[in-house]
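A short write-up of the structure that comes next.
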Amino acid sequence: MCGDKMQKRVLLLHYWKKGVNAIEAVRQINDIEGDDTVNIRQVHRLFKRFKEGDTSLERIEGYGQMSSFDSQKLCESIEKNPTSTRILSREMGHSNSTIHSHLKRLGKSFVAPKEVPHDLSESQIKQRLHICVKLFKNPNDERFFKRIVTRDERWIFLNNYNHEKQWLDKGDRGIQIPKDKKLGKKVMLYVWWNYEGMVYFDLLEYGRTVNSELYKNQLTKIHEKLQSCYPSLANRKRVILQHDNARPHVSKTITQKFNEWEWELLPHSSYSPDIAQSDYHLFRSMEYFFHDKKFNNVEDVKNACTEFFASKSKD
106 MCGDKMQKRV
116 LLLHYWKKGV
126 NAIEAVRQIN
136 DIEGDDTVNI
146 RQVHRLFKRF
156 KEGDTSLERI
166 EGYGQMSSFD
176 SQKLCESIEK
186 NPTSTRILSR
196 EMGHSNSTIH
206 SHLKRLGKSF
216 VAPKEVPHDL
226 SESQIKQRLH
236 ICVKLFKNPN
246 DERFFKRIVT
256 RDERWIFLNN
266 YNHEKQWLDK
276 GDRGIQIPKD
286 KKLGKKVMLY
296 VWWNYEGMVY
306 FDLLEYGRTV
316 NSELYKNQLT
326 KIHEKLQSCY
336 PSLANRKRVI
346 LQHDNARPHV
356 SKTITQKFNE
366 WEWELLPHSS
376 YSPDIAQSDY
386 HLFRSMEYFF
396 HDKKFNNVED
406 VKNACTEFFA
416 SKSKD
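The sequence shown begins at 106 in the working numbering and counts up by one.
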């Protein structure tokens with residue numbers, strides 16, 4: 106008995122069908138057949154498989170191979186469609202746990218799809234690669250980074266809620282906050298910043314449209330600010346502007362201004378928010394700063410923004 110694993114499986118299936126639990130089955134079998142004939146871990150594993158519907162007897166003790174299992178077929182199925190174990194179980198005629206254990210042996214992991222803002226076309230993917238290669242050719246030192254002025258925007262709500270988790274007593278409910286803030290009052294923050302901090306920012310109330318004329322006025326203010334605070338950079342025509350490819354930013358009027366000032370544009374590929382500097386160095390800490398803050402009007406938001414930018418060190 107001790108050496109016959111198939112007999113063990115038949116016997117354990119008999120105990121399971123009788124409704125004997127795993128601990129009692131181990132005790133009874135070891136009392137009759139001798140100590141260590143079966144152990145609780147093996148029995149728990151087999152009882153779990155029986156409960157899931159796998160009562161076949163071809164499995165060789167827990168960790169061994171199944172004589173009827175076609176690993177090659179599993180590999181081919183995964184290559185064609187990396188789907189769930191539930192679907193693979195129906196296709197191959199084995200239990201979920203059997204499929205799962207074999208996938209683990211093959212080095213597979215069950216990973217959820219990753220959401221991306223847009224499905225890039227083939228030309229957009231090539232464009233992104235071309236731009237990345239071009240950016241790597243720039244000098245990786247202050248000669249390059251001190252020339253960059255980054256422009257970005259984000260919504261700021263007048264009522265800002267704290268979404269952080271809380272330590273509470275058992276049974277206590279956390280604070281309730283609205284699930285969706287899209288209908289709340291908000292203003293759009295436009296920022297221009299460089300290696301020393303904020304150069305200029307502007308706030309627009311919800312409903313105002315950002316067109317090329319408004320953007321030209323904002324750029325004019327930026328140009329004046331750079332001439333005042335960074336004359337060597339502005340006068341030597343060494344400014345590098347980083348902004349996205351929104352329609353007002355690439356209009357003929359705006360392009361003429363760039364040519365007039367001889368500003369250089371940092372290449373920016375379509376739909377690439379993952380490489381926006383502001384998301385890492387500015388807006389993330391800004392979100393924490395605005396937790397639980399409530400404003401009555403745009404002027405209050407402006408004062409809070411001024412306070413936040415002044416609190417950020419140059420480092």
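By construction, the Cβ of each residue, glycine as well, lies at the ideal position given by its N, Cα and C atoms. Since this is a predicted model, take the numbers as computed values, not measurements.
- Apart from sequence neighbours up to five positions away, the residues of its chain that approach D397 with a beta-carbon distance below 8 Å are N265, Y266 and N267, ordered along the chain.
- The shortest C-alpha to C-alpha distance from S418 to any of K399, Q347, H386 and E392 is the one to H386.
- The alpha-carbon separation between Y335 and E227 amounts to approximately 41 Å.
- Proximity of the segment 310 to 326 to the segment 338 to 345 falls short of the contact definition, fewer than three beta-carbon pairs being nearer than 8 Å.
- Under DSSP, V296 forms a beta bridge with D257 and F306.
- Secondary structure of L346 (DSSP, three-state): strand.
- Close CB contacts of F395 within its chain, under the 6 Å cut and outside five residues either way in sequence, are with N265 (chain order).
- Within the segment 124 to 154, the complete alpha helix (DSSP H) segments at least 4 residues long are 127 to 138, listed from N- to C-terminus.
- Here DSSP, grouped into helix, strand and coil, assigns K110 to helix.
- Beta-carbon to beta-carbon, H328 and N350 are separated by about 21 Å, too far to satisfy the 8 Å threshold.
- Sequence-distant Cβ neighbours of K290 in its own chain, meaning closer than 6 Å and more than five residues away, are L263.
- For the pair R154 and S202, the CB atoms are nearer than the 8 Å cut-off.
- Short of 6 Å from the beta carbon of W298, and not among the five residues preceding or following it, lie these beta carbons of its own chain, in chain order: T255 and V304.
- With fewer than 16 other CB atoms across the displayed protein chains lying within 10 angstroms of its CB, I230 is exposed.
- DSSP places L370 in the strand class (E or B) of the three-state scheme.
- Taken through DSSP and simplified to helix, strand or coil, K185 comes out as helix.
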